[in-house]
Structure formats: structure tokens, C-alpha cells
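Have a look at the structure below, then the notes.
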Amino acid sequence: MADTTPTKRLRQTPLKSPPNTPIPLTPQTLASPRRSLRFISSPAHSIPPANTPVNPKPTRSKSAVTLNNNNNKKLYGNDSIKDDDDDVIYTFSPISPDRTETKKKRKSKAENTVDRVNARVSETKIKIKANTKTKRRVYYKKVSYDGGEFSIGDDVYVKRREDDSIEDEPEIEECRVCFKVGRGVMIECDDCLGGFHLRCLKPPLRAVPDGDWICGYCEGRKLGKDVKLPEAPEGKKVRRTAKEKLLSSDLWAVRIESLWKETDGSFWFRGRWYVIPEETAAGRQPHNLKRELYRTNDFADNEMETVLRHCYVMSPNEYAKAENEGDDVFLCEYEYDVNWHSFKRIAEIDNDEDEDEDATHDDDWSGDEEDSDAELSDDMEYEEEEDRYTAARGSTPAREAAANSRKGFTFGLQKIGTKRIPEHVRSHKQTELEKAKATLLLATLPKSLPCRNKEMEEITAFIKGAICDDQCLGRCLYIHGVPGTGKTMSVLAVMRSLWSEVDAGIVKPYSFVEINGLKLAAPENIYRVIYEALTGHRVSWKKALNLLNDKFSNGAISSKDDDRPCILLIDELDLLVTRNQSVLYNILDWPTKPNSKLIVIGIANTMDLPEKLLPRISSRMGIQRLCFAPYNYLQLQEIIGCRLKGIDAFEKQAIEFASRKVAAVSGDARRALEICRRAAELADYRVKSSTSLPKTGKSLVGMSEVEAAIQEMFQAPHIQVMKSCSKLSKIFLAAMVHELYKTGMSETTFEKLAQTVSCLCTNNGITFPGWDTLLRIGCKLGESRILLCESGASHRLQKLQLNFPSDDVSFALKDSKELPWLTKYM
Amino acid sequence: MPSIAVNTPSPHKRRLRSNSALIDNPAVNNTPSKSSSPVKSKSARRRVNDSPSTNRANVNNNNNNNNNNNNNKLPVKKLLDSLLDKPIWNPTESGQISAVKEALHASTAQSMVVCREEEQKRIVEFCRQCLVEEMAGSLYICGCPGTGKSLSMENVKGCLDVWAKETGGQLPDVLTINCTSLSSTSEIFNKILEKSQPNKKVNGRSAPLKQLQHLYSQKQQSPDAKMMLVIADELDYLITKDRVVLHDLFMLTTLPFSKVILIGIANAIDLADRFLPKLQSLNCKPTVVSFRSYSLDQIIMILKQRLMALPFVVFQPQALELCARKVAAASGDMRKALGICRGAIEILETELREDTCTSTLTSMVRVDHMAIALSKAYKSPIVDTIQSLPQHQQIVLCSAVKHFRKGKKDTTIGELNKFYIDVCKSTLIPPVGITELSCMCRVLGDQGILKLGQSRDDKLRRVTLQIDEADIIFALQGIRFFRNCLQ
């Protein structure tokens, strides 16, 4: 977001392209708006090029690829970092059990390494590569570069400026007292993170103490003394470690999400930025650890040139174990959303979307990424997308356990459940019907949201009216409407469009917190969730309530950027109603306080929720309401038509029929989409099963398919069960109906029924099955709740009753082909 | 204006009437603007009363007409005076809009709270007396939401400050607590204890209540111990099943050496009587100060006072009066009045945005803007909701109404299904199945139109109507399809 990260703005793109190397086009087109912004802004602070240790690479073609034998001995030594750049080693096949063996193989066939890489990375790519070798990017799982091995998922330091020279990066920190590296054991202060030789301390320590240790200087500073740190001896340059540079935001840390070689031979990676607490909107907070970083949802494509070396960002558990792992260890517990300035636990994210992991690192394919709407418009060619997709899939770590990345390697139980997807599925060109099926899926994000323009305008006006003023005044908006009318989607769409305006600087930046009442274990937990989202700190709800009260009602400002307005979206608001309704009272009371800068948007199904609440709450809720009426058939038609734009798969009447049917019953857009999708499936099935026939023109979804889909959806299941049950069961049911008509009593005994059945059978030339069989049939019908059977052992005198109206039964049995005579008894 | 009475049975009528008010109002408001003779204005009033809608409220007002007349004229006249000496605002200027909105926001604290002088005086007097005599005491403030209870307390604090400075009296420690923000009810004692002994650490050995009781039942060692003013907002959140907390809280003030002046604020008028019968027997019932709902004049005065600080005129005086009358008749909730005024400004804003070529004279917030905002706030959404329901759900409602006409109050889904199928058959519409029907009933229940009981079997769930039959009939009569069904 534009203003929060002035520091970030200044960061030029760490894209270090030698002047003669053209910048590849692809990363720019792929860039999200944010990223592209960065790209665009980088020329502004253009740097005098080439005072760097990096030579412009003359040719980095296939032939330049040579081997470096010692590359896995030393990953990052002081000397090996600065190497000549031309030694590029491809390491690949992350799961190869025996690395040395592959290396030997490679040595012998150094010339065609690239092709082998392809072969191992993704089998399917071979074909594509064969003709377009020079034009395609090559994706890798692991790359040896400058004497270091970098693989996907690694965390690395990234240069911030061109002139960040590598050579004065000390691997080992200097002692703060004697300013020498030395050999002695060093101890790290937990407060200033400075290193000290045990022997340089006064008094010297014998061994590293257990628990936290704070150096004398920090202790003195805490007591309010004026402490003078020992100064470096004359002429000696104080060198800072990469860690110190990172924490003073002179370096960046990044997590590699994918690696590839550009068409011109340069190596690139897509990275996910880490930020230090100072770079977030909330600033450094008292609970932040010194070595804490936040993972962002911001990605950037960079050249491998910019990478310095490895660092290690760990989860809290790993971090706790990693006591003495060196200087480059960092802690990361939360993901920081750069758009909304909110925090989320990484553990929770990973639980939520462990399958979507590759989707999040490859934005073009994520339908659910927040900024994806901007990128969906990427007009990439269809073929190319397919290519990229396969490449991305092949090179993703998260997919390791999933299909088709193992390439036949089996590791015990992981083989179970994995399945190779046949090749033709990917290369198969989708038919119109298949495209239609895909776009009609509920999970597919539509390109536009028709039919809710008025409501969306109203929401936009509401939010802008609240934010745009210099002093943000707290307000509430209550949105109600039946399910499937696009309430949540409209609000989120408005938020997205506002975000772009924030980026453009039209609207003041704000933070946005979204909460679903259904996801809360208890209504009180909402305080905790709000507080955690605003500050990235998890406390108990009682404490969170107190802190939020301080923040909103008493106007306590805890950090520099805290005066930004906050929009709180609460879905399923009615679930927050507790016995004394104090949760809702508190949340709706905050906006009425001065300086709260809180805007609450509540969504629920109930029309009259405010009236049901206590008067003091509805008084605070204000009068802003917005109603989402059920869709009428014209709107449903437009919605479906909008989704199917450009896909010629449906007859016009078919869509109209489906939308009229749904509009008459519920007006639920989800349901209309489901019916159309089901109809498309039926049509697809019909077309595919009749492949023997010559295809006649286009196959469209017609009225009959829609009708069938509606039947499936709306018809009660019991009729289908009765239609498909066995012959004897049908006779049994017919006898029940016959008995009912004869006697007029809804209840009958098994004995009487058996007589009727035998009567029916003998009259129509069927052998009577016998009592035992009949009893078993009766039990089965009873278990499926078509009959209501009396429980107990009195078999003969057991009372039976139909569970459904006799009309339904006769309707179901009327047209049975095997027993046409049944109709005359009903 | 009698024509805007709100206690009416059906929203239809209400809507019609507010429409009629809309039409009538300009006429009313234009005539009496300059004339000071009571006869003329009376005739204007008559004209409204002659309009077809007559009900109890009208009659009452007719009787009071002569008495009210003078009172009603006053605020409008005052407003007109103020209109003359200030320029009309320019809503296209964003600075002015935000200034107005800020002035009308509920959170904007006023330098002085008008129309509550009487109550404030009583509260301040009570506190002063307690402080002078160094005696504990309790006070209970009740009143509807939005009547300025919590807002007045800020002023009371200020008054006490001034008083302490003037007379050299001792200023009490002030502790303001909103009882909703307590995580448990007995936490209030923690807070009082922390405030009374800020230096001491709260030791966990004995409960804070015990410590407080101990503290106040023996003579203080230090003579300079300050009195403490505890303001407990939303006091009824302290009501527990056994009412112990509330009782103990008030009992603190009865202890021999207690230093607590307790002011409780809540909505219920009889909270003290209902929940604290024991206090009555001890003869230490809290004094009750009641904040009555704002009357028409008071609302106008407050709105005027809020807008006075602005160097321009925003509202037509008639528009303000319309708003005040309607709000005073409905609830007397000031928050609502402020919200409606803001809504009217927003309506004007959108109007200006759509139509740029309007003269500055019309850019004031007029009566019609206010009427739209009022109808937004007070209109019941039921009729519109029913009319926009899908057809089958309307049929369900229709069959339910037919069923309940026979005097029954509730039914089951299974039975409702039969009636529904009857209606469907009579109108030649294929009915949906029972599962779909129960699904529709659930949706209607979600919207608050039906009420569904709990049952294991879907068919046996009890169904009752949540809204008035007349509303449904009125809403469905607009649709030709249902006209025959409901005959």
C-alpha cells in the first residue's frame, strides 16, 4: 500500500541486470500491480551501474554450463561467495536418492544437461521443449549459483542496493568489545543482539549461562544510565553482519518460491518477501522478538544475481530448538497482508490451504488469491498457460506428496493414493461443454459481478463517506438478505476496488479485518481475533477486550501508524448474539466513541435482527441498512450468461428455463449455477457416450438436460428410491396402497398385508415369495424409512404404515415397465 | 405534526401517511413562516387534520392544539432568525460537508449538554453534598437509550472540577466503568480496589470484595483518603442469577466508613426496586434520577446547538422540525435523530452528484430529503421483503394465512404442505416436494417471517407466523396472482 511502506518504496528492485542484458519481458507482465509498481519505480532511482563485483556475463548459454565439483562441500564460505559467475551448475531432481551418482552421470553428459533437466523435472515438458527449447523458461527445483545451492523453499538474503558489496559481509560477527573475530566463544545479548567474547566481558564468563543473558551495556541503558559503547579502534571499519543489515532494513530477506532460467540464459527466482516488524503498519510492538520477521503475501521476480546467501527463517517451534545454529536464524510466526495490513498465523493458513500452496506462489493460477482479479486479465495465450502450469506443478515442493511429481519413486506409504494423471488430460483441448462446466463451478471467481451494481455503489459510498473525511467518523452498516444473493461477495468486491484506489492515492489507507461468526468457537473470541488481526499478537479474549477498549474508546495510540481507520466486516452477525448481548454491544459501541475510527459492516440473513436486539444496541447500530433481495429470473439469467460469456454451450431457452425455475422457488444464485453445471455434465456425458456416431455440429445444452437436472435437484429422493427398488418391494408397496384404499385405515398389520400380496401374486401369475422373504422385504423398506414399522418381535402382528403420502407411492410405481399391472390396484 | 404519528397497525398505512405528510408539509411550512398571527397557522394545522387519515393521535392533538400552538411555533421562529444572519452552505465543498457530519456525529462531545440542565444539577448537587459531608451515597440514573445519560456524566465531572477549584473542596477519584466491557461481573471490585489503592499490589489471598469491605468498615488511618466517585454504565449487565454482585456493590456504600459515591446508569426505570429489595429495608435505597425521552422542542434545540457552531446554514428549519417531530413521537432517541440528519445530507449529496446544475438556494437540506431519510429509518421492510420473495415462498405464506384464518395459531410443516399443495393445485402450479418446502420454511424463518419450532422430524416442526397477517395480505394483494387465493 502506497504510504505505509515508504521505506519499501525506496527499495529499488533488486533486479540487477547488466546493462547489455535486456530485461526479460515476462516477469513484468506477470507482475501484480504492486510488483509492477516496484518495477516501474525502480528506474527513478537509477543507480550508476557496474561498480559491482559482478562482471557482465558474456554468454550464458548451454555451452557455458560446466561442473563444479566442490559445490556441495561448502555451501557458503567467505571465499566461495564471490566467484566467477559463469560457473553455473544445475542441480535438479530434489528427490534423487543418491546425489553423487547423478552428478557423475552429469559429468559424462555435461553437454545435454538442460535436456536432462527437463526430463527429470517434468516428463511432459520434453515434447514441448523439443521444438521450443530456446523460447521457453526452464523451471528448476534446485540451482547452484555462485557456489551456493538454492532450492525452492529456501530463505535467502537479497541485496537492496546495487553497491551492496558482498565481500565485506562477515560470516562471523565481531566482538563488540575487542572488534576482532577471534576464536573464543561468543555470547549474544538477547536485547541488542550484539556478540561478545566470553573473555572480553567484565567480569569474564566461564561458560555460556542458561536462559536469557543481557549485556552490561543494555542493562545500564535500561536503568537509565548513559552508556558508552566501546569505540572501534582507529582506522578499522566496523563491519555489520547480514543479520544486522537485515534488521536495520538495509538488506532484505526473501523466500524462494520458484526458480527458472530465462530464455536469455539468466537465472531468475520468484520470491516472497519477509518484512521486519518496523516495516509493518503496526510498527515494532513490545511483544516482537528481536529476530522476528513477518512473511508477506507480496511476491517479486528477481534475478539470482541479487541473492547473497542463505538465512534460516523458522517457525516458533523450530526456532526454540535452534539454539546455536548461527547468526542467520530468524523467527516467523505470522503472515502479514500487505494490502489489508492484517496478520494471520502461518500455521492456520497452512492448515486451511495446504492444497493451495502452489496456487499462492503462482498467482496466475490462483482463483482465490486476493489480488488475482487484477491478474486474471492477463491475456496470455492459452497454450502458454498450459505450459507454465505443467512446469509450475512439476517444480513445486508442496506437491511432492501429490500426484505425478514423484515420477515413479516410491517412499513407503506415500505411494498410496497418488495417481498419475494421464497425459492426454492436460494436452486435451477443452470442449465448449467442459469449459462451461469449469466456469459454472461455484469456486470459480467470476470476472464481474452483475446485478448488484446498486448495492455495491451503496456500500462504496458508505465506506468512502466514512473514510474520505479527514477525521474518520465511526459508523455501522447492516446488510441482510437470504443466502446466495451475493452479500459477502459484493462487500469483498467493493474492498478490492477500493484497494486499487488506495494504491492510487485517492482514498486514505485503512486496515480491513474480515471475520466470519461461524468460524468463532465462542462469540467472545471475536475480541481475540480482531486484536490479533490488528497487531499480530495473540492474547486471551479478556485481555484483548481490555486492549481494544483502550484502543477504541479511550483513544490510546500505541504506535506511529495506528491512526488509520479500520473496517471490520462481520459475516453472520447473528451468531454473535449472546445471552446478555454484551459482545454486540461492545462492538457496536466503539464506533460511537470519538477517535475510534472504526467502521463496522455486519452481514446476516435475518431481516429484523436490529429490532430483535436490545434497544440500546439497535440505538447504537444506527439506521444504515442494506437489503439484498432474492434474485429474479432476469438477474439469474444475466448472472449465468455473464459466466458463460464467450462459451457457446447453452441454448438460450435452457438458461431461461433454469433461472425461472430457481427464481420461483428460492432465488439462490448458487443453486441456479449448480443446475446449469449439472445440465452441462449431463450433456457432456451424452456427447461422450455417443462418440461412435459422427458428431453433428455443436452439442448444446438443451431443455431436456436442464429439465433432468432440475428433476434431480428438486424431486424428493423418496420417489427415486421407490422407482428403483426391487420388483417384490414394488409389489409390497402396491399392496400397502391397495390395503389403504380398501380399508381406509393408514395402519395395517403384516398378516393382512401378506394376504393381500399373495392375492395380487396369484391373480397376476407370479409365485408368492413366501413369508420369510416378505418379512425381509418389509424390514428393508422399514430401514429406508419408506415404511414405518413397529419395532419388536411380533412379526405377524407387526403394524405397518406408509411414511409418505399414498399419492407419491402410486406416482412412483405407476409407470414401472416390469410390472404394468400394478396400476390397476392403485 | 399530528400526521406523522407512528403507533399505527400496518406499515402500509404508515407509509401512506408519511407520504401524505410529505405532500402536505411544504404547504404547511410555507404559510406560517412569517405570519405571527395564531389564526393563520391554526388554519394550516387544520388543513392537515382534514386529510383523510384520522386516528387517535390526531384527535388527541386536536384537543391540545391550542395549548401546543405557541410552543410549537417558538423553535421554528428561532431557527428562522438564525437562518437570516448566516449564509447558506455550499455542499459541493468537501470541507463544509465533513464539518457538518462531524458536528452531527454521536461521538462529538458538546461543551455543554442542553436540555439536561435539571438532571445534571441534581446529580452535581448530590455529589457535592456527599463530598462535603464525606458521606457515601448511591445514585441511580435511568432513561431510554440515546437520552444523553453517559454524555451528561462527562459534564458532571467537569462541574465537580470547577466546584472543587472554586471552593477548595476535595476532588474525588473518578472511576468510569462500562459494565459490558468487564470480562466477568465481579471484576468491578478489582477495578475499584485498584483505583482506591493504586500503590498497593492486589494480593490474591483474599477476594477483592472482601478487601474492600474490610477497608471501608474500619476507620481509615490516613485522614487524607479521598472520596471515590464510581460511575457504572450499563449497570444491568451486573445482574447475575443471585444478584450478589449488584447487591454487594450497593452495599459498599452503606458501610460505616465507606468513601464510595456510586452512580449507576441503566435503561430500566425500576432496576433498583426490582433487584435490590434488601436495600430498601436497610433504608439506603439509591436516589433515582430519571432521564426522560427528549421532546420535540428539546430535539430541535439540541440539533440547533450542534449546528450553531458552523458558520453556515445547512438545514431548512422545517426539515429539522420534521425530523424532530418524528423522532420525538417514535422514541426520543437522539442518536437516531442525528443519524437521520446525516442520512438526509447524504441524500442531498447524491442528488447533487447526479444533477450538477442546481442553484445554491436549493442546496439546503429540504423537507423532502428529510422525509426520504425518515422513511428509510422508520419504514418497516416487511412489505417490500414479502413482495420480493420468490413465488413459491409467497404461496407458502399465502397458504399459511389461509390456514390461520380459521383461528388456529400454529401448525406443522406436514400440514402446511397440504394447504400449500391445495393452493398450488387451484392455481395450476406444480408444487415442490416436502423437502424443498421445509427448506423454504427455513429460509423464511431466517428472515424472521415464520418461526419454526424444534423437532427431530422435519414434518413435525411447528410453524407460526412471526408477522402480522394483515401485512402479508396487504403485500400479496399487490400481486394479481394472489388476489383470488386470498378471497
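Sequence lines, in order, name chains C and W. Under our numbering, the residue at position 76 of the first sequence is numbered 76, and the numbers go up by one with no gaps. Counting from 1 along the second sequence, just add 826 to a position and that's the residue number in our numbering. C-beta: ideal position from N, C-alpha, C; glycine also. Note that the structure is a prediction, hence the values are computed from the model and not measured.
For a contact meaning CB atoms closer than 9 Å, what does residue i contact in chain C?
i	result
Gln1217(W)	Ala663, Ala664, Val665
Ser933(W)	Leu473, Gly474, Pro591, Thr592, Lys593, Pro594, Asn595, Ser596
With 16 as the cutoff for other CB atoms within 10 Å, does residue i come out buried or exposed?
i	result
Asp563(C)	exposed
Leu813(C)	buried
Arg255(C)	buried
Lys141(C)	buried
Asp1297(W)	buried
Pro820(C)	exposed
Tyr685(C)	exposed
Thr773(C)	exposed
Asn1004(W)	buried
Ser258(C)	buried
Thr767(C)	exposed
With DSSP as the reference, label residue i as helix, strand or coil.
i	result
Gly195(C)	strand
Ala812(C)	helix
Glu174(C)	coil
Ala1296(W)	helix
Glu532(C)	helix
Met314(C)	strand
Ser618(C)	helix
Ala253(C)	strand
Leu965(W)	strand
His931(W)	coil
His287(C)	coil
Listing by chain order, which chain C residues have their CB less than 7 Å from the CB of residue i?
i	result
Ile1260(W)	Ala716
Leu1289(W)	Contrary to the premise, residue 1289(W) reads as Val rather than Leu in this sequence. The contacting residues do not exist; Val1289(W) stays about 17 Å from chain C at best.
Near residue i, which residues of its chain fall below 8 Å by C-beta distance, leaving aside the five closest residues on each side in sequence?
i	result
Thr1066(W)	Thr1011, Leu1072
Gln946(W)	Val939, Ser978, Asn981, Val982, Cys985
DSSP puts residue i in a beta bridge; with which residues?
i	result
Arg345(C)	Tyr334(C)
Tyr140(C)	Leu259(C)
Phe1141(W)	Val1191(W)
Cys676(C)	Cys676(C) is not bridged to any residue.
Thr749(C)	Lys799(C)
Ser511(C)	Cys566(C)
Using a Cβ cut-off of 8 Å, pull out every chain W residue sitting near residue i, in sequence order please.
i	result
Cys627(C)	Pro1207, Asp1210, Thr1211
Gly641(C)	What Gly641(C) touches in chain W: nothing, since even the nearest Cβ is about 20 Å away.
Asp571(C)	What Asp571(C) touches in chain W: nothing, since even the nearest Cβ is about 14 Å away.
CB-CB under 7 Å to residue i, same chain, minus the five flanking residues each way: which ones, in chain order?
i	result
Thr934(W)	Glu928
Leu518(C)	Glu572, Leu575
Cys175(C)	Gly182, Met186, Gly195, Phe196, His197, Cys200
Cys218(C)	Cys189, Asp191, Cys192
Ala683(C)	Leu433, Ser699, Val701, Glu705
Residue i touches chain W at which residues, Cβ-Cβ below 7 Å?
i	result
Gly622(C)	Gly1165
Leu545(C)	Ser1007, Ser1009
Asp608(C)	Gly1274
Pro630(C)	Ser1214, Leu1215, Pro1216
Gly517(C)	Per Cβ cutoff of 7 Å: no residues; Gly517(C) is ~14 Å from chain W at best.
Arg785(C)	Ordered by position in chain W, no residue passes the 7 Å Cβ test against Arg785(C), which lies about 10 Å from the chain.
Leaving aside the five residues before and after residue i along the sequence, list all residues of the same chain whose C-beta is less than 6 Å from its C-beta, in chain order.
i	result
Glu386(C)	Low confidence applies here, because Glu386(C) scores a pLDDT of 42, under 50, leaving its location unreliable and the question unanswered by this model.
Ala962(W)	Thr1079, Ser1084, Val1086
Leu1223(W)	Ile1298
Listing by chain order, which chain B residues have their CB less than 9 Å from the CB of residue i?
i	result
Tyr1063(W)	In the structure shown, chain B cannot be found, because the protein chains are C and W.
Strictly below 8 Å CB to CB, what residues from chain C border residue i?
i	result
Arg1161(W)	Thr592, Ser619, Arg620, Gly622
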